[in-house]
Amino acid sequence: MIVLQVNQLYKSFITDEILSGVKLEVQHRDRVALVGRNGAGKSTLLKIIAGQMSYDSGEIIIPKDIKIGYLEQHAGLDSELSIWDEMMTIFVGLQQMEKKLRTLEQQMAEPTVYENQETYAKLMAEYDQLQHDFKDAGGYQYEADTRSVLHGMQFFPADYEKPIRSLSGGQRTRLALAKLLLSKPDLLILDEPTNHLDIETLAWLENYLKGYAGAILIVSHDRYFLDQVVSIVYEVSRTRVTKYTGNYSAYLDEKAKNYERDMKLFERQQDEKAKMEAFIQKNIARASTTKMAQSRRKMLERTEWMDAPDGDEKSASFGFTTDKQSGNDVLAVDALTVGYPDKEISRNIQLRLFREDRIALVGPNGVGKSTLLKTVVQDLPQLTGDIRYGTNVQIGYYDQEQAKLNSNKSVLQELWDEWPLMNEKDIRTVLGRFLFSGDDVGKSVNSLSGGEKARLALAKLMMQKANFLVLDEPTNHLDLDSKEILENALIDYPGTLLFVSHDRYFINRIATKVVELAPDSSFEYLGDYDYYVEKKQELAELAAMKESSAVEASSIAKVSTSTIDKDAKKRERQIRRQLEEIEGKMTALDEQIAVLEEQLCNPAIFSDHEKALNIQNELDTVKSAHEIFEMEWLELSEELENL
1 MIVLQVNQLY
11 KSFITDEILS
21 GVKLEVQHRD
31 RVALVGRNGA
41 GKSTLLKIIA
51 GQMSYDSGEI
61 IIPKDIKIGY
71 LEQHAGLDSE
81 LSIWDEMMTI
91 FVGLQQMEKK
101 LRTLEQQMAE
111 PTVYENQETY
121 AKLMAEYDQL
131 QHDFKDAGGY
141 QYEADTRSVL
151 HGMQFFPADY
161 EKPIRSLSGG
171 QRTRLALAKL
181 LLSKPDLLIL
191 DEPTNHLDIE
201 TLAWLENYLK
211 GYAGAILIVS
221 HDRYFLDQVV
231 SIVYEVSRTR
241 VTKYTGNYSA
251 YLDEKAKNYE
261 RDMKLFERQQ
271 DEKAKMEAFI
281 QKNIARASTT
291 KMAQSRRKML
301 ERTEWMDAPD
311 GDEKSASFGF
321 TTDKQSGNDV
331 LAVDALTVGY
341 PDKEISRNIQ
351 LRLFREDRIA
361 LVGPNGVGKS
371 TLLKTVVQDL
381 PQLTGDIRYG
391 TNVQIGYYDQ
401 EQAKLNSNKS
411 VLQELWDEWP
421 LMNEKDIRTV
431 LGRFLFSGDD
441 VGKSVNSLSG
451 GEKARLALAK
461 LMMQKANFLV
471 LDEPTNHLDL
481 DSKEILENAL
491 IDYPGTLLFV
501 SHDRYFINRI
511 ATKVVELAPD
521 SSFEYLGDYD
531 YYVEKKQELA
541 ELAAMKESSA
551 VEASSIAKVS
561 TSTIDKDAKK
571 RERQIRRQLE
581 EIEGKMTALD
591 EQIAVLEEQL
601 CNPAIFSDHE
611 KALNIQNELD
621 TVKSAHEIFE
631 MEWLELSEEL
641 ENL
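Numbering of the sequence shown is given in full-length UniProt numbering, commencing with residue 1 and proceeding in unit increments.
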């Protein structure tokens, strides 16, 4: 079933054409990615589909019964409620159904309801239908689903009562994503959902989206995430959209093949065009051949010659070199504690870096990865422990917050002030390699976008020619093309790397070792990200086996009541209350049955056929109600025994 169809969509901003003749289709359960450079029009297309932006012409077809959920880039939840109460606003309809069920149960428990068999049957039918609808809508699991999604987004029971207004921007973004996931739209539209997520949360989100019941349309610069989740890729490039089947890696392979094919076709056409132009120029003036030349010229003008496959898109082009080589020992960290004078973040850190090592630091948000890097480059003082630098070590530092790029200087002056002995032409050449050309070099640094600041910071880093690069989230704000170029530059870099990144694709390509940071330790894995995940899973399985063996050995011992699950205790109390209520109702019905049977034994009533029949019918109805309660009592008793 098609949940979205876009046909011949056009969108312009004043004189700039953003989207031209876009065609896109999403089927039920499709996982679709939109990829392309920053500014290509990906977010614009999502906003148009979500109904948040107008378009010039074309059509967007969405079936009436399709529910769309859209998470805008950098969107955060703004609410006066607590985390749990805000999540529960999604399930107001289910909560009303639940209240109605409880009301019907109370009505069914009233003894008078059995006096009218028609009323009782109607009440039972309504209850059965409502219970069925409640179950189908997820009424028995919405609270469990909420806890599961909140846990995946790193919100735990201790956080549930926190007011949303007290959360950080990143937490609000994660909460907005959690709320959207819980609302379960038929078409889930996500614009950069991986921002503000650590690796553990990213892995959870990937698994959740793989099993998502609806369709997904997503924009992301996280290539590992795209490889895991999507099966269709639409590339937005030069105002047009091209479809590729497969994940991100398959898209890259297919694009490379298409480029090679198109380039051969383009070169063949250019040869043909050049021959026609040469023929026309040579023969147009001759009386004997002028008609033939004129015919060729008309053919030349009528032919639609294809553009070069690269088009007008420019790519950054840079590499990192060193002024001099460092010693073999680059960095030694022992028993280090990092943080601030009033707050310790992580301690007992051990780290060894040797020349040409590429070490990735990983760990949950807030564990101190960026703090460790700032301590290594001496932007922050170490609290305890020891840091030793090797011979001839020159450090180049890339700060993810771009804290030092906040001046009112122009882009040109920002670079030139740090290398005043270079001439302007050479400075402009360097900036041109990072896509700053023409009027761009006169822009104020403060006015630059996140991607532009990232490229300027990389330009300054390249100019330093340091032999030890310390990089904090270097792929943030970079589009896919720029990430690829940065990776290639770092792969060819002859120095040593220590970096923090949530980009697992980047870690896989660059890292030779992975160091996992925890609040009270660090652990080194000799391999890339995939090796780290595999080894960590292996260690977890070994720990689980040991724990299982320990549990089996102590299974003879009596299980302490303190270990009983809280939910099981709560359910036990509920069942006992329900059993007491049912027993009370059954006792009342037993008394009613005894009275009716005694009346039937009365000779005066027994001899009156009509009166005896009415009492017998009433007795049958009461006995039927008694049997229902008896069956419910037996089921609850069995459940209680199994707890």
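All C-beta atoms in this analysis are idealised placements derived from N, C-alpha and C, irrespective of residue type, glycine included.
### Query
Under the rule that 16 or more other beta-carbon atoms within 10 Å means buried, what is W419, buried or exposed?
Sixteen is the threshold: since fewer than 16 other Cβ atoms of the shown chains lie within 10 Å of the Cβ of W419, the residue is exposed.
### Check whether I507 and P364 have beta carbons under 9 Å apart
No. Outside cutoff.
### Query
Which ranges does the beta strand (DSSP E) cover as unbroken runs of at least 3 residues, wholly within the region 483-563, from first to last along the chain?
You should have 496-500, 513-518, 521-525.
### Message
I'd like the list of long-range same chain contacts for L405, defined as Cβ closer than 7 Å, with 5 residues on each side in sequence excluded.
### Response
Excluding residues up to 5 positions away in sequence, V445, K453, L456, A457 lie with their Cβ nearer than 7 Å to the Cβ of L405 in the same chain.
### Query
Is K585 buried or exposed, if buried means 16 or more other CB atoms sit within 10 Å of its CB?
Classification of K585: buried, given that the 10 Å Cβ count is 16 or more.
### Query
Under the rule that 16 or more other beta-carbon atoms within 10 Å means buried, what is A215, buried or exposed?
Buried, because 16 or more other Cβ atoms sit within 10 Å of the Cβ of A215.
### Message
In this structure, how does DSSP classify P603 when only helix, strand and coil are distinguished?
### Response
Helix, per DSSP.
### Task
Express the C-alpha separation of E161 and M87 in angstroms, rounding to a whole number.
Taking the straight line from one Cα to the other gives about 11 Å.
### Query
Name the DSSP bridge partner or partners of G396?
G396 pairs with L469.
### Query
What is the DSSP secondary structure of F436, reduced to helix, strand or coil?
The answer is coil: DSSP assigns F436 none of H, G, I, E or B.
### Task
Identify, in the order they occur along the chain, each residue of the same chain with its Cβ nearer than 8 Å to the Cβ of L130, setting aside the five sequence neighbours on each side.
Within the same chain, L130 has close Cβ partners M97, K100, L101, L104.
### 9 Å Cβ cutoff met for A335 and R347
Result yes, Cβ atoms of A335 and R347 sit closer than 9 Å.
### Proximal residues to L640 (C-beta, below 6 Å), its chain only, five neighbours per side dropped
Result list for L640: I575, in chain order.
### Message
Within 10 Å of its beta-carbon, does R31 have 16 or more other beta-carbons around it, so buried, or fewer, so exposed?
### Response
Buried, because 16 or more other Cβ atoms sit within 10 Å of the Cβ of R31.
### Message
Quick check on the burial criterion: 16 or more other C-beta atoms within 10 angstroms. Buried or exposed for N467?
### Response
By the Cβ neighbour-count rule, N467 is buried, with 16 or more other Cβ atoms within 10 Å of its own.
#### Entry: Beta-carbon contacts of A109 that lie in its chain and below 8 Å, excluding the five residues immediately before and after
If we look at A109 and ignore the five residues flanking it on each side, its Cβ neighbours are E581, K585.
### Message
Taking 9 Å as the threshold (C-beta atoms), are I189 and L71 in contact?
### Response
A contact, by the Cβ cut-off of 9 Å.
### Task
Go ahead and pull the three-state DSSP assignment for Q107.
Residue state, collapsed to three classes: helix.
### Task
Compare the beta carbon distance of R355 and V330 with 9 Å and say whether it is the shorter of the two.
In this structure, R355 places its C-beta atom within 9 Å of the C-beta atom of V330.
### Task
Per DSSP, which residues does Y389 bridge with? Please list them.
For Y389, which the question treats as bridged, DSSP gives the partners L331.
### Query
Are the beta-carbon atoms belonging to L187 and K47 less than 9 Å from one another?
Not in contact: L187 and K47 (Cβ atoms no closer than 9 Å).
### Query
With DSSP run on the structure shown, which of helix, strand or coil describes E344?
In the structure shown, E344 adopts extended strand secondary structure according to DSSP, grouped into three states.
### Query
Below 9 Å between beta carbons: does that hold for L469 and I395?
Note that the C-beta distance between L469 and I395 is below 9 Å.
### Query
For D323, which residues of its own chain have a beta-carbon under 6 Å away from its beta-carbon, when the five flanking residues on both sides are left out?
Closer than 6 Å at Cβ, skipping near neighbours: K465.
### Query
From M631 to K546, what distance separates their C-alpha atoms?
Taking the straight line joining both Cα atoms gives about 44 Å.
### Query
Roughly how many angstroms separate the alpha carbons of E59 and T245, rounded to a whole number?
When rounded, the distance between both Cα atoms is 23 Å.
### Query
Can you round the beta-carbon distance between K243 and V229 to whole angstroms, since I take them to be within the 8 Å contact cut?
Not really, about 17 Å apart at Cβ, beyond 8 Å.
### Query
How would you write the range of the beta strand (DSSP E) that E235 sits in, first residue to last?
First-last of the beta strand (DSSP E) with E235: 232-237.
### Query
Rounded to a whole number of angstroms, what is the C-alpha to C-alpha distance between D590 and L123?
Roughly 22 Å separates the two Cα atoms.
### Query
Which same chain residues, not among the five before or five after I61, have their C-beta less than 6 Å away from its C-beta?
Here the set comprises Q5.
#### Entry: Contact with chain C by V32, beta-carbon distance below 9 Å
Among the chains in the structure shown there is no chain C, since it carries only a single protein chain.
### Task
Starting from N7, follow the beta strand (DSSP E) in both directions and report where the run begins and ends.
Judged by DSSP secondary structure, N7 falls within the beta strand (DSSP E) whose first and last residues are 2-13.
### Query
Do you know how far the Cα of P157 is from the Cα of E627?
Answer to the nearest angstrom: the Cα atoms are 42 Å apart.
#### Entry: Cβ shell of Y55 (< 8 Å), same chain only, five flanking positions each side left out
Once the five neighbours on either side are set aside, the close Cβ partners of Y55 are L9, Y10, K11, L19, I48.
### Separation of H151 from R165, as counted between CA atoms
The C-alpha of H151 is placed about 19 Å away from the C-alpha of R165.
### Task
Grab me the residues of S57's own chain with a C-beta within less than 6 Å of its C-beta, minus the 5 sequence neighbours each way, in chain order.
Result list for S57: Y10, in chain order.
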